[in-house]
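In what follows, a single structure is set out as structure tokens and then discussed.
Number of protein chains: 2
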Amino acid sequence: MSNLFKSFLISSTIPSDLKEKLKNSVTVKKIKKGTSLQVKGDRLIYDYYVVKGLLRSYTIDEKGKEHIFMFASEDWLMSDIESQVFDKTAELYIDALEDSEIEMIDRKAFREINAVRYFDGDELNKLFKRVAVLQRRVLLLMSATAMERYEHFIQTYPDIVQRVPQKMIASYLGITPEGLSKIRGQRVKGKN
Amino acid sequence: MSNLFKSFLISSTIPSDLKEKLKNSVTVKKIKKGTSLQVKGDRLIYDYYVVKGLLRSYTIDEKGKEHIFMFASEDWLMSDIESQVFDKTAELYIDALEDSEIEMIDRKAFREINAVRYFDGDELNKLFKRVAVLQRRVLLLMSATAMERYEHFIQTYPDIVQRVPQKMIASYLGITPEGLSKIRGQRVKGKN
Chain A
141 MSNLFKSFLI
151 SSTIPSDLKE
161 KLKNSVTVKK
171 IKKGTSLQVK
181 GDRLIYDYYV
191 VKGLLRSYTI
201 DEKGKEHIFM
211 FASEDWLMSD
221 IESQVFDKTA
231 ELYIDALEDS
241 EIEMIDRKAF
251 REINAVRYFD
261 GDELNKLFKR
271 VAVLQRRVLL
281 LMSATAMERY
291 EHFIQTYPDI
301 VQRVPQKMIA
311 SYLGITPEGL
321 SKIRGQRVKG
331 KN
Chain B
141 MSNLFKSFLI
151 SSTIPSDLKE
161 KLKNSVTVKK
171 IKKGTSLQVK
181 GDRLIYDYYV
191 VKGLLRSYTI
201 DEKGKEHIFM
211 FASEDWLMSD
221 IESQVFDKTA
231 ELYIDALEDS
241 EIEMIDRKAF
251 REINAVRYFD
261 GDELNKLFKR
271 VAVLQRRVLL
281 LMSATAMERY
291 EHFIQTYPDI
301 VQRVPQKMIA
311 SYLGITPEGL
321 SKIRGQRVKG
331 KN
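As given, the protein sequences belong to chains A and B, one line each in that order. In terms of the numbering used here, the numbers along the first sequence are unbroken and rise by one, the last being 332. In terms of the numbering used here, the numbers along the second sequence are unbroken and rise by one, the last being 332.
Rendered as structure tokens:
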């Protein structure tokens, strides 16, 4: 079991009946590359903690085009937080980009636990950091050039850049694969 | 003093010396419409709790164009959370769109308090809700039409729509004022 859920089980602020419930709500799974974990409209929603591997979440627009919302590699928690907070069916598609080992936790159980447990400084920092990263993402989408968005991406997620196809990076950045290819060409030229 | 800071002062998990510090870190201010509170690059950063009135935060791109990140009316907390989390100088401009009454809290003091105090369920929900709203914002910016973005905005912030100029709504949505005007025309037609 991951550090995340282990930390819940040894927490002194979580009542023992809830710990028991938590134990029964976490499922450890090994999944193959390409496995679909969540589809828009799903009613049963999980949070996914990545022990090993890589997940992505995305939306599909009316024209059938995919837009990648986020990637999650080792030690990340992937959630469809909008549907959780507003208690709606799933908004996002989630699937595995590599063979992965994940822990799934039922969102209802997670909620009950979050309502009573103490969030320590580390966890709060992670939550604040998530807000900060999304602030940056919105600002970049609104006001930065494609080149600036790419530079920011490779600086922030050097690990991810190596692991996903270029067309998915383009989809994350909100540009076409051709546009990304052009940018990469310009960068190589600029460095020589 | 607002409910927000009052709740800190009666909290049992905040040590009394920190409460004293907090009291000294909160400044109540009445400001006129148009007052600038923060400029990109500022080193001294505050969080702004809106008691009355309306603030906006925005960025300015290389061409001098403004992009509105958020509006904050009564009972909202406006923060430049990216610069806080990553300990950088201010990223955003913040100013008042109406005569306002605000409470300013020094971010260093706020951090120290957040590190030791207990976040109750309500506050955590607000923080999760902020993440959810930003998730929606990113998805809308990436994959929705201007019309869909406008519909979502007026449903989510009916109060704000009445209080800010159209050109600022356009800036928030990432479209031109002309584009917004066209959309509003289409909506009126569609309803008749």
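Glycine residues also receive a C-beta, built at the ideal position from the N, C-alpha and C atoms.
- Residue state for Val301(A) is assigned as helix, using DSSP reduced to three classes.
- Ranked by how close their Cα comes to the Cα of Met210(B), the residues Ile253(B), Gly314(B) and Ser321(B) have Gly314(B) in first place.
- At a Cβ-Cβ threshold of 9 angstroms, Gln178(B) and Asp227(B) do not count as neighbours.
- The beta carbons of Ala230(A) and Leu195(A) sit about 14 angstroms from each other, so the pair does not count as a contact at 8 angstroms.
- Counting only residues of its own chain and dropping the five nearest sequence neighbours on each side, Asp239(A) has a CB closer than 8 angstroms to the CB of Lys170, Ile171, Lys172, Lys173 and Gly193.
- Note that the region 264-284 of chain A touches the region 267-277 of chain B; at least 3 beta-carbon pairs, one per stretch, sit closer than 8 angstroms.
- Here the alpha carbons of Thr285(A) and Glu206(B) stand approximately 15 angstroms from one another.
- Excluding residues up to 5 positions away in sequence, Thr229 and Ala230 lie with their Cβ nearer than 7 angstroms to the Cβ of Asp182(A) in the same chain.
- Across the structure, Gln224(B) and Glu202(B) are spaced so that their CA atoms are roughly 23 angstroms apart.
- In this structure, the CA atom of Ala310(B) is about 26 angstroms from the CA atom of Arg270(A).
- When the five nearest sequence neighbours on each side are left out, the beta carbons in the same chain lying within less than 8 angstroms of the beta carbon of Ile208(B) are those of Arg196, Ser197, Tyr198, Met308, Ser311 and Tyr312, in order along the chain.
- One finds nothing in chain B with a Cβ atom closer than 7 angstroms to the Cβ of Ser165(A); even the nearest lies about 18 angstroms away.
- Gln306(A) is positioned such that its CB atom lies no closer than 9 angstroms to that of Pro298(A).
- With respect to chain B, the C-beta atom of Gln224(A) has a partner C-beta closer than 9 angstroms.
- Glu241(A) and Val168(A) have their alpha carbons spaced roughly 7 angstroms apart.
- Secondary structure of Asp157(B) (DSSP, three-state): helix.
- Close partners of Phe268(B) in chain A (Cβ separation under 8 angstroms): Ile221, Gln224, Val225 and Leu267.
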